[in-house]
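Number of protein chains: 2
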Amino acid sequence: MSIETSPAVPIGESQIREAVERLAPWVHLTPVATSRTLDERAGASVFLKCENLQRVGAFKFRGAMNALLQLDDASKAAGVVTHSSGNHAQALALAGKLLGVPVTVVMPDTAPPIKQAATAGYGATIRLCEPTLAAREAAVADEIARKGLTLVHPFNDWNVIAGQATAAWELLDQVGPLDAVVVPVGGGGLLAGTALAVKARSPETLVIGVEPERADDARRSLASGRIEPSGDPQTIADGLRTSLGERPFAVISRQVDRIETASEAAIVDALRFLWERLKLVVEPSSAVVVAPLLERKLDLEGRRIGAVLSGGNVDLGPFFDALAARWL
Amino acid sequence: MSIETSPAVPIGESQIREAVERLAPWVHLTPVATSRTLDERAGASVFLKCENLQRVGAFKFRGAMNALLQLDDASKAAGVVTHSSGNHAQALALAGKLLGVPVTVVMPDTAPPIKQAATAGYGATIRLCEPTLAAREAAVADEIARKGLTLVHPFNDWNVIAGQATAAWELLDQVGPLDAVVVPVGGGGLLAGTALAVKARSPETLVIGVEPERADDARRSLASGRIEPSGDPQTIADGLRTSLGERPFAVISRQVDRIETASEAAIVDALRFLWERLKLVVEPSSAVVVAPLLERKLDLEGRRIGAVLSGGNVDLGPFFDALAARWL
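Chains as they are written, first to last, in this note's numbering: chain A, -8 to 319; chain B, -8 to 319.
Right, here's the structure in full:
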């Protein structure tokens, strides 16, 4: 993988419009949830884009599908490879299944069996490697060299970013003008796509990324002007432990207004609020965007705020094991 | 409480239309969820009416509100009483708060503190009694005699039944004709209301009640032609442990096509499916209606089936305690 310094951004309004059209037959037009209680707590009008109800339970399906739909026939026939033990793995696996594109996913051999099984369940080939960056990159390079596979990176890929941009685009179509759009930031694909979509249509709308305090690499990167790696952050928001990619950062550094952080306690509070009061199964990475709303940390009282609930894939095994032990 | 033998049913299409109009400013028009995966598993087109997203998280708000809205001014000023440790308690408490009607709820002193607090949180007065039927009836009778309160029974009340009827009425407005409508049956208010609404508009549409195998009093009652009490059933579906009321039974015995049952294992499977795949927080009583769909027990392959997800109030305390212990 080459390191680019502030690469040019090849995505504008027309590329996002094309992605919206390209994806329309494939993605769910996810609903927007609102709640009187949330509005009261936040002191604002909040519109939650429910990407937990997207296919595979996460916005990641948009980017993966947008990337595969643009491969030429030879690349489709050869297949694609990625590295992920999260939602991108399942997203790419389903996209490949729908389009008849073979998918190989490189995962650390420490990835939970439930995630391996979910990805394999969509027909992808799982290649396990040691849980180091070097082993992962070697495995991916080997798949590309030996089999001619195309890499579909989880976030450092313009077609993936353009796909993720369609979530906020849809949200604006559904609810009209917004004063701010708030999304979680991990590798930066969703935040970069959101910034491109929102600023193309409404430059004055604030675009805000939120990340765990314990994984505040985006905040530090925006402050220093270069990508600050995230180390191995211990946060419940497992989707947000990644460092920023250079392509997302090229967008984020120019177009994102602010990075906010959420404590672990605030994330758990928001998660519980979303489950108990809104009856939405979301993953901790999604609760991260609701935390600063409940804490009123954004100084947006009385405004119209959009937020993307990025996914709903959470391991409910222990909860249901306890229920089964009690009742069965 | 007098025992009536097959009382006349004073609710027809016009009473339900009036209830729909009366409730419109107060209830949420809850969304209808659909799922490709559910349709594949069920072999049918399934439309889930999300009353877990109703105010207080359950359809019960419809009936409670419909009853309070029809009280005369003197009765409103005096206040109302009910007995419930479940969703009806919270529903009546919120309805009373919205209309300025004092609400007293008689609960067994064994009711979980979390449920007492939720009901008190809406401003209701809680009166605890010993956990016996005799103590409960004595407490309610005492409130009525001493304070002139009006009883709003959780299900044995025609205004409550007419209110519950509006959920299926709305569902038909939202999705068009259905071959069958499936709802859970506990005391019978929702099932009776659903039967009245559905049969008024579409006599050929099947109305099916589902209850836990371990609480199969409705099935036995429909078979014998009289109310068979339910004893003290041990089922995870805590909303469905009640015996049928005579007013609901007067409707159910005439207009319900069938009672189906679900094993505890099937209920837990359906609950997990709804949480994991549909990302909907529902309570076990709601999962009961999805269980026979997943098991294909209804012989409705290829048909259009509506089902009411009755509520979403489930104690997530242990789940979040475990998360907090791990991450905070």
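By construction, the Cβ of each residue, glycine as well, lies at the ideal position given by its N, Cα and C atoms.
Since we're looking at a predicted model, the values are computed, not measured.
Rounded to the nearest angstrom, how far is the Cβ of residue 258(A) from that of residue 298(A), given a contact under 8 Å?
Within the first sequence, the letter at position 267 stands for residue 258(A). Within the first sequence, the letter at position 307 stands for residue 298(A). With a Cβ gap of about 14 Å, residue 258(A) and residue 298(A) do not count as contacting.
Quick one: any contact between the segment 233 to 243 of chain B and the segment 275 to 285 of chain A, if contact means 3 or more CB pairs under 8 Å?
no
Roughly how many angstroms separate the alpha carbons of residue 225(A) and residue 232(A), rounded to a whole number?
Sequence index remark: in the first sequence, residue 225(A) carries index 234 (1-based). Sequence index remark: in the first sequence, residue 232(A) carries index 241 (1-based). Distance between the alpha carbons of residue 225(A) and residue 232(A): 8 Å.
Output, in sequence order along the chain, the residues in the segment 256 to 277 of chain A whose CB is closer than 7 Å to any CB in chain B.
256, 259, 263, 266, 267, 270, 271, 272
Any idea what DSSP makes of residue -5(A), helix, strand or coil?
Along the first sequence, one-based indexing puts residue -5(A) at 4. Annotation note: pLDDT 47 at residue -5(A) (below 50); position unreliable, no value reported.
Please classify residue 79(A): does DSSP put it in a helix, a strand, or coil?
By one-based count along the first sequence, residue 79(A) stands at place 88. If DSSP states are grouped into helix, strand and coil, residue 79(A) belongs with the helices.
What are the start and end residues of the beta strand (DSSP E) that includes residue 117(B)?
The sequence position of residue 117(B) within the second sequence is 126, counting from 1. Run containing residue 117(B): 116 to 120, per the beta strand (DSSP E) assignment.
Give me the residue from 253(A), 218(A), 40(A), 223(A) with the minimum Cα distance to residue -3(A).
On the first sequence, position 6 is the one that residue -3(A) refers to. Nearest option by C-alpha distance: 218(A).
From this set, 246(B), 242(B), 305(B), 222(B), which residue's C-alpha is nearest residue 262(B)'s C-alpha?
On the second sequence, position 271 is the one that residue 262(B) refers to. Closest by alpha carbon: 305(B).
Taking C-alpha atoms, which residue in 88(B), 96(B), 66(B), 92(B) lies nearest to residue 77(B)?
What you label residue 77(B) is simply residue 86 of the second sequence in a count that begins at 1. The candidate whose alpha carbon is nearest that of residue 77(B) is 96(B).
Measuring CA to CA, which of 43(A), 27(A), 175(A) is closest to residue 273(A)?
Residue mapping note: residue 273(A) aligns to position 282 of the first sequence, counting from 1. The residue with the shortest Cα to Cα distance from residue 273(A) is 43(A).
Is it the case that the segment 103 to 117 of chain B contacts the segment 14 to 26 of chain B, given that we only count it when at least three CB pairs across the two stretches are under 8 Å?
no
What is the DSSP secondary structure of residue 288(B), reduced to helix, strand or coil?
Mapped onto the second sequence, residue 288(B) falls at position 297. In the structure shown, residue 288(B) sits in coil (DSSP, three-state: anything other than H, G, I, E or B).
Quick check: the segment 312 to 319 of chain A against the segment 161 to 170 of chain B, are at least 3 beta-carbon pairs closer than 8 Å?
No, the segment 161 to 170 of chain B is not in contact with the segment 312 to 319 of chain A.
Are residue 300(B) and residue 41(B) touching if we call contact CB-CB under 8 Å?
What you label residue 300(B) is simply residue 309 of the second sequence in a count that begins at 1. What you label residue 41(B) is simply residue 50 of the second sequence in a count that begins at 1. Cβ atoms of residue 300(B) and residue 41(B): closer than 8 Å.
Is there at least one Cβ from chain A nearer than 8 Å to residue 315(B)'s Cβ?
The residue labelled residue 315(B) in the question sits at position 324 within the second sequence. Yes, its Cβ sits closer than 8 Å to a Cβ of chain A.
Whole-angstrom Cβ separation of residue 250(B) and residue 202(B), contact assumed at under 8 Å?
For the purposes of this step, residue 250(B) is identified with residue 259 of the second sequence, where counting begins at 1. For the purposes of this step, residue 202(B) is identified with residue 211 of the second sequence, where counting begins at 1. Confirmed, about 7 Å.
Mind checking if residue 310(B) is an interface residue toward chain A, Cβ cutoff 8 Å exclusive?
Counting from one through the second sequence, the residue named residue 310(B) turns up at place 319. Cβ-Cβ to chain A under 8 Å: yes for residue 310(B).
Applying a beta-carbon distance threshold of less than 7 Å, which residues of chain B neighbour residue 318(A)?
Sequence index remark: in the first sequence, residue 318(A) carries index 327 (1-based). 227, 255, 259, listed in chain order.
Can you tell me where the beta strand (DSSP E) with residue 296(A) in it begins and where it stops?
Mapped onto the first sequence, residue 296(A) falls at position 305. Taken as a continuous stretch (DSSP letters only), the beta strand (DSSP E) holding residue 296(A) covers 295 to 300.
Can you pull the chain A neighbours of residue 22(B), defined as C-beta to C-beta under 8 Å?
Taking the first residue of the second sequence as position 1, residue 22(B) is located at position 31. Those within 8 Å of residue 22(B) in chain A are 22.
Once you ignore the five residues that flank residue 62(A) on each side, which residues in its own chain have a CB closer than 8 Å to its CB?
As a working note, residue 62(A) is residue 71 in the first sequence. Excluding positions up to five away in sequence, the list reads 71, 92, 141.
Looking at C-alpha atoms only, which residue of 138(B), 127(B), 137(B), 157(B) is the closest neighbour of residue 144(B)?
For the purposes of this step, residue 144(B) is taken as residue 153 along the second sequence, with counting starting at 1. Closest by alpha carbon: 127(B).
By the three-class DSSP mapping on this structure, what secondary structure does residue 106(A) have?
Start at 1 with the first residue of the first sequence, and residue 106(A) comes out as number 115. Three-state result, residue 106(A): helix.
Between residue 180(A) and chain B, is any beta-carbon pair separated by less than 8 Å?
In the first sequence, residue 180(A) corresponds to position 189, counting from 1. No, residue 180(A) does not count as interfacial toward chain B.
What's the gap between the Cα of residue 104(A) and the Cα of residue 73(B)?
Position 113 of the first sequence, counted from the first residue, corresponds to residue 104(A). Position 82 of the second sequence, counted from the first residue, corresponds to residue 73(B). Approximately 49 Å, taken between the alpha carbons.
Would you verify that the beta carbon of residue -8(A) is, or is not, closer than 8 Å to some beta carbon of chain B?
Here residue -8(A) is taken as the residue at index 1 of the first sequence, counted from 1. Per-residue confidence for residue -8(A) stands at a pLDDT of 42, beneath the threshold of 50, marking its modelled position as unreliable; no derived number is given.
Please list, in chain order, all residues of the same chain as residue 80(A) whose beta carbon is under 6 Å from its beta carbon, the five residues on each side excluded.
As a position in the first sequence, residue 80(A) is number 89, starting the count at 1. Closer than 6 Å at the Cβ level, and outside the excluded window around residue 80(A), lie 96, 110.
Just grab the DSSP bridge partners of residue 40(B) for me.
Counted from its first residue, the second sequence places residue 40(B) at position 49. According to DSSP, residue 40(B) bridges with 23(B), 299(B).
Going by C-alpha to C-alpha distance, which of 130(B), 24(B), 83(B), 245(B) sits closest to residue 99(B)?
Counted from its first residue, the second sequence places residue 99(B) at position 108. Checked all of 130(B), 24(B), 83(B), 245(B); the closest Cα to residue 99(B) is 130(B).
Just verifying my parser: in three-state terms, what is the DSSP assignment at residue 282(B)?
Taking the first residue of the second sequence as position 1, residue 282(B) is located at position 291. Correct three-state label for residue 282(B): helix.
If you compare alpha carbons, which of 270(B), 246(B), 50(B), 281(B) is closest to residue 34(B)?
If you number the second sequence from 1, residue 34(B) lands on position 43. Nearest of 270(B), 246(B), 50(B), 281(B) to residue 34(B), Cα basis: 281(B).
Where does residue 174(A) sit, in a helix, a strand or coil, going by DSSP?
The count along the first sequence starts at 1 and reaches residue 174(A) at position 183. Note: residue 174(A) maps to strand in three-state DSSP.
In or out: residue 161(B) buried (at least 16 other Cβ within 10 Å) or exposed?
Reading the second sequence from its first residue, position 170 is the one you call residue 161(B). By the 10 Å Cβ count, residue 161(B) comes out buried.
Going by DSSP, name the residue or residues bridged to residue 98(B).
Residue mapping note: residue 98(B) aligns to position 107 of the second sequence, counting from 1. Answer is 119(B), bridged to residue 98(B).
Does DSSP classify residue 35(B) as helix, strand or coil?
The count along the second sequence starts at 1 and reaches residue 35(B) at position 44. Correct three-state label for residue 35(B): coil.
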